[in-house]
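Novice: Each residue of the sequence shown is one higher than the one before, starting from 689 at the first, in this note's numbering. In this text, a Cβ means the ideal position worked out from N, Cα and C, and glycines have one as well. What you are looking at is a predicted structure, and each value in this text was computed from that prediction instead of being measured.
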Amino acid sequence: MKIALMDSGIGLLAAAAAVRGLRPDADLVLSSDPGSMPWGPRTPEDVTARALDVARAAADHRPDALIVACNTASVHALPTLRAELEPALPVIGTVPAIKPSVAGGGPVAIWATPATTGSPYQRGLIRDFARSVAVTEVPCPGLADAVEHADEPAIDRAIAAAAARTPREVRAVVLGCTHYELVAERIRAAVRQPGLPPVVLHGSAGAVAAQALRRIGVAPAPSAEPAGSLTVLLGGRTAELPEAALAYAEGRLLGAVSTAR
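1. Below 8 Å between beta carbons: does that hold for Leu710 and Ala898?
2. Go ahead and pull the three-state DSSP assignment for Val779.
3. Which parts of the segment 907-944 are runs of the alpha helix (DSSP H), unbroken and 4 residues or longer, counting only runs that do not cross its ends?
4. Could you tell me if Asp748 is buried or exposed, where buried requires 16 or more neighbouring beta carbons within 10 angstroms of its beta carbon?
5. Does the distance from the C-beta atom of Val858 to that of Val796 stay below 8 Å?
6. Is there a C-beta anywhere in chain C that falls below 8 Å from the one on Gly830?
7. Under three-state DSSP, which class holds Ser696?
8. Should Pro1028 go down as buried or exposed, given a rule of 16 or more other Cβ atoms within 10 Å for buried?
9. If the criterion is Cβ atoms closer than 8 Å, does the pair Leu700 and Thr866 meet it?
10. Kindly indicate which three-state DSSP category Ala714 falls into: helix, strand or coil?
11. Note down the Cα distance separating Pro930 from Arg815, rounded to an integer number of angstroms.
12. Let me check understanding here. Comparing Cα to Cα, which of Ser892, Gly891, Arg845 and Gly924 lies closest to Ala743?
13. Alpha carbon to alpha carbon, how far is Ala848 from Arg738? Give it in angstroms, no decimals.
14. Here's the rule I'm using: 16 or more other beta-carbon atoms within 10 Å means buried, otherwise exposed. How should Pro751 be labelled?
15. For Glu774, report the span of its alpha helix (DSSP H) as first-last.
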């Protein structure tokens, strides 16, 4: 079994680690193009073209499924990716976890890139799934780039600025960019209010990992030791995990497996 994941950069680590947790025996292919980051400010046509290049590089390794572990690519490129690759290769997109976030009744904040915040796509999800709950859209300029480069001071500044824009009464935060899941606990600490329970964070990694297994008809089978291989593609070329990836627990987990050649 082989699962491929694609993203502009290391935002795919969270979903890849989730797949590894559900099926340690799965071979993983991580395809990205960090030299083209960020994708958020690019036109939909440019994002689609770049996403196709990254997806084709992954597809060349003949995976059983492809996870689009990028909110921006899922918004703009998912129909094109599916038109080209399916049905031979199931393609699983990433959607912000707005629907489960409102189960507790709110209020809810959605942390996302400036390009996604206020977009018709995000506003549509809010309209469809959160009509009865107070929702605050919180733009997080610079956070994805800071996470991509493991720039600790920049991460702290971006999280602090977004936390300051998050209403005190918020009880759940949707992580609307896959990069944000790599610093989830830092976000939780930043939005916690004295005297109130911890804020519940809602990411997408676990859901897309489980959906990928469902699409190929495979059940989760966790075990103590990872046995699957890891192939890393940067700009379509086989490489090692970027050094910045090892700054995060998810990257260190994946890096513990020898890179396939």
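Specialist: According to the structure data:
1. yes
2. strand
3. 937-943
4. exposed
5. yes
6. The chain inventory of the structure shown lacks chain C, comprising one protein chain alone.
7. coil
8. Beyond the ends of the chain as shown, which are 689 and 949, falls residue 1028; an answer cannot be given.
9. Going by C-beta atoms, Leu700 is nearer than 8 Å to Thr866.
10. coil
11. 38 Å
12. Gly924
13. 31 Å
14. Buried, because 16 or more other Cβ atoms sit within 10 Å of the Cβ of Pro751.
15. It is not in any alpha helix (DSSP H) - Glu774 carries neither H nor E in the DSSP assignment.
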